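Before any comments, here is the structure.
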Amino acid sequence: MLRLLRTHSPHRLANRISSTQEWREFGKNFPSFASSKHQVLSNGWKWATLNARHDAWPLEERHLVRWLSVRWVAKEAVFKAIYPHRRMQWSDVSIVKHSGKPQIEFSPHVIMDLPIERAHLSISHDGDYIVAFVTVCCT
39 MLRLLRTHSP
49 HRLANRISST
59 QEWREFGKNF
69 PSFASSKHQV
79 LSNGWKWATL
89 NARHDAWPLE
99 ERHLVRWLSV
109 RWVAKEAVFK
119 AIYPHRRMQW
129 SDVSIVKHSG
139 KPQIEFSPHV
149 IMDLPIERAH
159 LSISHDGDYI
169 VAFVTVCCT
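Numbering follows our numbering, with no gaps: position 36 of the sequence shown is 74.
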């Protein structure tokens, strides 16, 4: 994720990997990044800082990197669980958290194409590492 953020603005990366619902959440949680297509990480933050411990980063950037990373990793796990039955786009899947654990929501055309009964998502993150596991139950 950090390598991607070296070459893409957070706005551009979030726009690429987010569903419509996630894009609204991104705008609400990170308004300064959502409003500018070209803004890089704020306050003159140096990319060399990325080599420092994550708890030394500015708070907004820590939250931004974690938000993007969780969605990236979770969606990759969804893609692997569904492939080869369907190739999906980033916007076909939303990672949402209404309360408690995160949930997977599929776009309506995915639900029509695949007999998905349930999808389970488990995410674990510790420091710089994020892992996601997905189980998809079909009828």
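Where a beta carbon is used, it is the ideal one built from N, C-alpha and C, also for glycine.
A quick note: this is a predicted structure, and the numbers were derived from the prediction, not measured.
For S107, the enclosing alpha helix (DSSP H) stretches over residues L97 to I120. The beta-carbon distance between I142 and I133, rounded to whole angstroms, is 7 Å. This is short enough to meet the 8 Å contact definition.
Selection F144, H163, G165 and Y167 evaluated against V174 yields F144 as nearest (Cα-Cα). Here the region 109–117 makes contact with the region 158–175; the two share three or more CB pairs at distances below 8 Å. A Cβ-Cβ distance of about 12 Å is found for the pair L106 and A72, leaving them out of contact under the 8 Å criterion. In chain order, S129 and S132 place their CB closer than 6 Å to the CB of S57, counting only its own chain and leaving out the 5 sequence neighbours on each side.
At a Cβ-Cβ threshold of 8 Å, A112 and L159 count as neighbours. Residue pairing for R125: DSSP places it in no beta bridge. With contacts defined by Cβ atoms closer than 8 Å, C176 and I154 form a contacting pair.
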